[in-house]
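Remarks on the structure that follows.
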Amino acid sequence: MPVALEIVSPEKLLLSRNVEMVVIPASEGEMGVLPNHAPMIVLLRGGTIAIHEGGKVTDRLYVSGGFAEITPERCTVLADEAVPTSELSRAEGERRLSAAEAEYNATDKNDVPSLDAAMDRMQSARAMIEAAAA
Amino acid sequence: MASLKALRARINSVKSTRKITSAMKMVAASKLRRAQQQAEAARPYAERMERMLSALAASVQGSPTAPRMLAGTGNDKVHLLIVITADRGLAGAFNTNVGRAARNLARRLMAEGKTVKIITVGRKGRDYLRRELAANIVGDISFAGKKKIDFADVQAIGMQAVEMLGRDEFDIATVVYNRFASVISQIPTELQIIPPLMTETGPVEQTTAQAIYEFEPDEETILAKLLPKNLAIQLYRAQLESGAGEHGARMTAMDNATRNAGEAINKLTLNYNRTRQANITRELIEIISGAEAL
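Protein chains in written order, with the numbering used here: chain V, 1 to 134; chain X, 1001 to 1294.
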């Protein structure tokens, strides 16, 4: 029995199909989702979603962050932004990274939520560069 | 009776007006299709977001640490109205309807002794409300000149609202926008977004589904991220509906204008021909009576 995987961004439904396994970048580490997974709602960090079929990775998508809902039958990823890694550009990732670093340096060091947000953006930009290189 | 020359000029001017209105109708029709597709494409995300949010909300319900965006500030003194209109006119009563709905709501709230703050999205709303409620407008945003409204643009409005809530600048936020009921009907709608009104969908199914979710890292961390996003999504959806509605309204308005211009042209042409015949008859009579006199 496969997992019904759905990847949606605010602008559109990007992917909806049945897969054997999907690995998602949860905020506290990569997480593999197989059928009959315990129901969970997880936060995602910037990283790559890997779709596994027949024991091999068939597709890789970069997500900049978001949420995922997992039930025994399906896995729904609400991505802020999702792009197949083949279409990523390293330059864009680097541009974002430097923007996020600039923002981090500009924010007041006592403003913890803003610092966290900037850190998240830096992390997500680094993941983008990494994904583009792979 | 107007001279032939004046009538001719008149007919030509109405004809060119008709050309313009019918071109605008075509443009609105094609933009409408695109706007509708965009609104359609955004729906799955909003639906799934809602599902997650209701699962989360149920699990933190009643907890004293529930975030403000979900529970509200506990007061209802200061109201923030986010009024979404179009940037352009010539769309029938589209902008006026939202403007009037917002004004009536603001008046009602003020009559109850509440403070009203307004953020307008779109130039027409600002222009309409500025006449009477200029002192209440705390911000205006316009997407004029943008071909397609991205999620990021709307998210900025959401962030602004979140910051204002953080500074205790309002208690309740409501969006006033035109809901897209159909191409010919847009309904001015008020939607409360902070604190969000939970839509009860199948209570039986929900209670059983909710209890079993595990959360990672934990409910509150997820909620802290999810709520601003949900706010942005709600605004995005309202913006897209309003966008589709605008084109629908313009299409209807321009269709009417084109038809009216056609009628005007027919009347003017009839008038023109009558005048022309009258002139010929008059000239003939003059010639004949001149010949008889000889």
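Glycine included, every Cβ here is placed at the ideal spot set by N, Cα and C.
Here the structure is a predicted model, which means the values were calculated and not measured.
No Cβ-Cβ contact shorter than 8 Å links valine 1116/X with tyrosine 1236/X. Apart from sequence neighbours up to five positions away, the residues of its chain that approach glutamate 94/V with a beta-carbon distance below 7 Å are Ile129, ordered along the chain.
If you draw a straight line from the Cα of glutamine 123/V to the Cα of alanine 1101/X, it comes to about 44 Å. In the DSSP secondary-structure assignment, threonine 1115/X is bridged to Val1078/X. Its Cα nearest to that of alanine 133/V, the residue Gly47/V stands out among Ala100/V, Gly47/V, Ile70/V. Excluding sequence positions up to five before and after threonine 107/V, its CB lies within less than 8 Å of the CB of Ser114, Leu115, Ala118, all in the same chain and listed in chain order.
In the three-state DSSP reduction, histidine 37/V falls in the coil class, being neither helix nor strand.
A check of alpha carbon separations from isoleucine 24/V across Leu5/V, Arg90/V, Ser9/V, Asn105/V identifies Leu5/V as the nearest. For methionine 1026/X and methionine 1251/X, the gap between their C-alpha atoms comes out near 8 Å. Under the DSSP assignment, proline 84/V falls in the beta strand (DSSP E) whose first and last residues are 82–84. Between proline 84/V and the set Ile70/V, Glu101/V, Thr58/V, Pro39/V, the nearest pair of CA atoms involves Thr58/V. Aspartate 59/V sits in a strand when the DSSP states are folded into three classes. Counting of Cβ neighbours within 10 angstroms places arginine 1282/X among the exposed residues, the total staying below 16. Under the Cβ criterion (8 Å, minimum of three pairs), the stretch 1107–1122 of chain X counts as touching the stretch 1072–1083 of chain X. The DSSP assignment places 1151–1166, 1203–1210 as complete runs of the alpha helix (DSSP H) inside the stretch 1132–1215 of chain X, in order along the chain (cut-off: 4 residues).
Just measuring C-alpha positions, the residue of Arg74/V, Arg60/V, Ala100/V, Asn110/V sitting nearest serine 86/V is Arg60/V.
For the stretch 1219–1241 of chain X, the beta-carbon criterion of a distance under 7 Å to any beta-carbon of chain V is satisfied by Thr1221, Ile1222, Lys1225, Leu1226, Ile1233, Tyr1236. If you ignore the 5 residues before and after serine 1022/X, its C-beta comes within less than 8 Å of the C-beta of Met1254, Thr1258, all in its own chain and listed in chain order. Chain X places a beta carbon closer than 8 Å to that of glutamate 28/V, counting this residue as a contact.
Arginine 1088/X sits in coil when the DSSP states are folded into three classes, being neither helix nor strand. Closest in C-alpha terms to leucine 1227/X, from the list Gly66/V, Lys109/V, Val22/V, Glu81/V, comes Gly66/V. Phenylalanine 1143/X and alanine 91/V have their C-alpha atoms spaced approximately 28 Å apart. Legend: CB atoms of the stretch 6–37 of chain V lying less than 9 Å from CB atoms of chain X belong to residues Glu6, Val8, Ser9, Pro10, Glu11, Lys12, Leu13, Ser16, Ala26, Ser27, Glu28, Met31. The bridge partners DSSP lists for glycine 32/V are Val23/V. What isoleucine 41/V touches in chain X, judged by beta-carbon distance under 8 Å, is Met1052, Ala1055, Leu1056, Tyr1213, Glu1214, Phe1215, Glu1216, Ile1222, going in chain order. The beta-bridge partner set that DSSP reports for asparagine 1012/X is empty.
Taking CB atoms only, methionine 1049/X has a neighbour in chain V less than 8 Å away. Per DSSP, the continuous beta strand (DSSP E) segment holding threonine 48/V begins and ends at 47–53. For the pair tyrosine 104/V and isoleucine 70/V, the Cα-to-Cα distance works out to about 33 Å. Taken atom to atom, the span from the alpha-carbon of glycine 1125/X to that of glutamine 1234/X is near 19 Å. Within 7 Å of the CB of proline 1067/X, no CB atom of chain V is found; the nearest one sits about 12 Å away. Proline 1196/X does not reach chain V, its nearest Cβ partner there being about 16 Å away, counting only Cβ pairs nearer than 9 Å.
A contact between stretches requires three or more CB pairs, one per stretch, nearer than 8 Å, and the stretch 1238–1248 of chain X meets this requirement with the stretch 1033–1051 of chain X.
Looking at the backbone, the Cα of valine 1121/X and that of isoleucine 41/V are separated by about 34 Å. Counting along the chain, no beta strand (DSSP E) covers threonine 1073/X, and no H or E run does either. Proximity of the stretch 1084–1101 of chain X to the stretch 1046–1056 of chain X falls short of the contact definition, fewer than three beta-carbon pairs being nearer than 8 Å.
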